[in-house]
Amino acid sequence: MPDVREHVLNGSRGAVVVREWPSREPRYVALVVHGYGEHVGRYEEVAGVLVEHGAVVFGPDHMGHGKSDGERVLIEDFEEVVDDVRAVAELARSAHPGLPVVLVGHSMGGLISARYAQRYGDELAALVLSGPVIGAWELPERLLALDEIPDTPISPASLSRDPAVGAAYAADPLVWHGPMKRPTVEAFARTLETVAKGGDIGPLPLLWLHGDDDRLVPLAGSRVGVEQLRGRRLTERIYAGARHEVFHETNKAEVFAHLVRFLDDRLRD
Numbered sequence: 001m002p003d004v005r006e007h008v009l010n011g012s013r014g015a016v017v018v019r020e021w022p023s024r025e026p027r028y029v030a031l032v033v034h035g036y037g038e039h040v041g042r043y044e045e046v047a048g049v050l051v052e053h054g055a056v057v058f059g060p061d062h063m064g065h066g067k068s069d070g071e072r073v074l075i076e077d078f079e080e081v082v083d084d085v086r087a088v089a090e091l092a093r094s095a096h097p098g099l100p101v102v103l104v105g106h107s108m109g110g111l112i113s114a115r116y117a118q119r120y121g122d123e124l125a126a127l128v129l130s131g132p133v134i135g136a137w138e139l140p141e142r143l144l145a146l147d148e149i150p151d152t153p154i155s156p157a158s159l160s161r162d163p164a165v166g167a168a169y170a171a172d173p174l175v176w177h178g179p180m181k182r183p184t185v186e187a188f189a190r191t192l193e194t195v196a197k198g199g200d201i202g203p204l205p206l207l208w209l210h211g212d213d214d215r216l217v218p219l220a221g222s223r224v225g226v227e228q229l230r231g232r233r234l235t236e237r238i239y240a241g242a243r244h245e246v247f248h249e250t251n252k253a254e255v256f257a258h259l260v261r262f263l264d265d266r267l268r269d
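Now the structure itself:
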């Protein structure tokens, strides 16, 4: 893969660091939108698959995440994060005018991507949601009912059946390993409601990927959100035994095959 490049944009709340995985002759742009507490550098393998498939890949570290500015994991308004992703899309389009754009969002990134598609779906060729935080996700309500949010970080074992994934996550200095912050949890709750009421995505093709043993973002809750969001062109892939990060799972080759097959079908439209 060609050398990774970094860009710095003026985001909603300071500098947003954007990673680019270049392609010599790209036929589409892929925007990767990472999840809570992590950073886009964890998507190196996904980006490699997409580059090999013909994409130039861009992905930001969200405010308060990774290399970007802001208090760690503090997001007070997810609409601002959507604005930042739009700025990344504009950066990509200015460098590669005329190419179709697909959006790939995981977990919290699925919430951001769903909202992006509601606001700017006519600018996208396809939407991919992996373990998305949409629909009936019960965690914010449970946490907000407490006087103090407990310091219980994400269990690395909940990410994948591959223990190396959890070990790398636990050792990653750019990953947040502390408690959630109340303003961020409140923002999650508000945005879940906003997406639920924001309408479906009409003709935009949607691929939904989820593990049926996802204990962080349970399948049944996300299904509620997918049914609210889906337009007329939904493809779903549910993986038996898979945990939260299907792109890092033991069956990731199957997941990647489904991803590129979906994109092939959509880019031929």
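Note that the UniProt record's numbering numbers the sequence shown so that position 67 is 67, with each residue one more than the last. Every residue, glycine too, gets a C-beta built ideally from N, C-alpha and C.
Close CB contacts of Arg182 within its chain, under the 7 Å cut and outside five residues either way in sequence, are with Ile149 (chain order). DSSP lists Leu207 as the bridge partner or partners of Thr235. Comparing C-alpha distances from Ala55 to each of Pro100, Glu141, Glu90 shows the shortest one belongs to Pro100. Arg19 carries a strand assignment under DSSP once its states are collapsed to helix, strand and coil. Look at Gly70 here: in three-state DSSP terms it is coil, with no helix or strand label. Per DSSP, the beta-bridge partners of Ala30 are Val57, Val102. When the alpha-carbon of Leu219 is set against those of Val85, Val17, Glu236, Val46, the nearest one is in Glu236. Here the C-alpha atom of Arg266 lies approximately 10 Å from the C-alpha atom of Arg233. Beta-bridge annotation (DSSP): Gly14 is paired with Gly11. Between Asp84 and Met63, the C-beta spacing is below 8 Å. Ranked by Cα distance from His106, the first of Gly98, Asp212, Ser130 is Ser130. Within the model, the alpha-carbon separation for Tyr28 versus Phe58 is close to 11 Å. In terms of Cα proximity to Pro179, the closest of Pro163, Val224, Leu50, Ile154 is Ile154.
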